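In order, the protein sequences belong to chains H and R. Counting in my numbering, the first sequence runs from 1 upward without gaps. Counting in my numbering, the second sequence runs from 136 upward without gaps. Yeah, the Cβ is synthetic: ideal placement off N, Cα and C, and Gly gets one too. Model, not experiment: these values are computed from the prediction.
2 protein chains.
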Amino acid sequence: MEKLRSDCPISCSLDIFGDKWSLLIIRDIMLRGKLSYSEFLESEEKIATNILVSRLKALEAANILLKQVSPANKSKFIYSLTEKGIDLLPIIIEMMDWGAKYNANCPRREVGKKIQKDKAGVIREYYKKLRKTTT
Amino acid sequence: MEKLRSDCPISCSLDIFGDKWSLLIIRDIMLRGKLSYSEFLESEEKIATNILVSRLKALEAANILLKQVSPANKSKFIYSLTEKGIDLLPIIIEMMDWGAKYNANCPRREVGKKIQKDKAGVIREYYKKLRKTTT
DNA sequence: TATCTTTACTTGCAAAATGCAATAACAAAG
DNA sequence: CTTTGTTATTGCATTTTGCAAGTAAAGATA
């Protein structure tokens, strides 16, 4: 593990995912059902391969992601969220809400609109879904 | 303004505060009542002066912070949160909760414990406090 | 069994951001 | 007009990011 800058929980969180890419990978898994390296590469933000690899390794090392051989295709890996990763859900949802609220370029789609009406409900719903899927 | 990587609200949020420092400045203002450049410099994470200046400028440009001459000391500036900045509160609180939950090195202090019991209440309480203070 | 495809990753290099130390600008106070 | 407090800049080494190309290995195809 790396050095912590302080024992402030916000600082500790940022030590792990305080960059422009880590939470986008989490988003892809959490909200878009993506599972594999090649699916992450396809996202519209166009992450570079070296950065993707380094983030996947860091998130796995932080026990946020679990990397396993795909049962369907043994030459493929699938990444899934651990409990610790699933617990990032409220942060993701809050960032989604804030980003949509203050950015005219970010139209609210289905989830975004549901969040406006019943944020807690959306979080509960996704928690349920994510915990079903995970080992 | 800079280029957006996509129109995803999470990505747009990360374009603004997706780094290791911006949210720590927000934290200092939001939860610790800090107001000025020199107070931010004192925080335990020891931000460098050039980075502090660049973040303050970026956050001001993003309309998250407001920079004003201090009424008490006219050679001093004070930074305050705009409505947009105040709305980062839920993200900060969620990151605080997650960081404390998964980091043994981060003891929960008063706020951290309150969050465990009544997160929504803590958010409401801080919203009230912050909106009072702000112009 | 050779070669093609898919999937995951590595490498090299330029550009940008960060970290650190020193110094500057400038208003207010004495 | 010198000192103090506050904010900001500069220079330089290190680290991270961005981009393009190449490598590796397991299956699938012929």
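Exercise. Could you check what DSSP says for SER43/H in three-state terms: helix, strand or coil?
Key: coil
Quiz prompt | Pair within 9 Å by beta-carbon distance, VAL111/H and LEU23/H | solution = no
Quiz item: Could one say the Cβ of GLY121/H lies closer than 9 Å to chain R's Cβ atoms, at least one of them?
Solution: no
Quiz item: Taking 9 Å as the CB-CB limit, is ARG108/H close to chain R?
Solution: yes
Quiz item: Who are TYR37/H's beta bridge partners in DSSP?
Solution: According to DSSP, TYR37/H bridges with nothing at all.
Self-check item: Closer than 7 Å at the beta carbon, the chain H residues around ASN238/R
Solution: PRO9, CYS12
Quiz item: Within this structure, are the beta carbons of TYR172/R and LEU187/R separated by less than 9 Å?
Solution: yes
Practice problem: Taking GLU39/H as the query, report the chain R residues whose CB atoms sit under 9 Å from its CB, ordered along the chain. | Solution: Under the 9 Å cutoff, chain R gives no residues; its nearest Cβ is about 15 Å from GLU39/H.
Quiz item: Near ASP97/H, which residues of its chain fall below 8 Å by C-beta distance, leaving aside the five closest residues on each side in sequence?
Solution: GLY112, ILE115, GLN116, LYS119
Practice problem: Within its chain, find whatever has a CB closer than 8 Å to the CB of THR184/R; leave out the 5 residues flanking it on each side and keep chain order. | Solution: LEU176
Quiz item: For LEU191/R, which of helix, strand or coil comes out of DSSP?
Solution: helix
Practice problem: May I ask you to report which of helix, strand or coil DSSP gives ILE64/H? | Solution: coil
Practice problem: Determine the DSSP secondary structure at TYR214/R, reduced to helix, strand or coil. | Solution: strand
Quiz prompt | GLY247/R: contacting residues in chain H (beta-carbon distance under 7 Å) | solution = PRO9
Quiz item: Hey, is GLY18/H's beta-carbon within less than 9 Å of any beta-carbon in chain R?
Solution: yes
Self-check item: Spatially closest choice to VAL257/R from LYS138/R, PRO225/R, LEU216/R, by CA coordinates
Solution: PRO225/R
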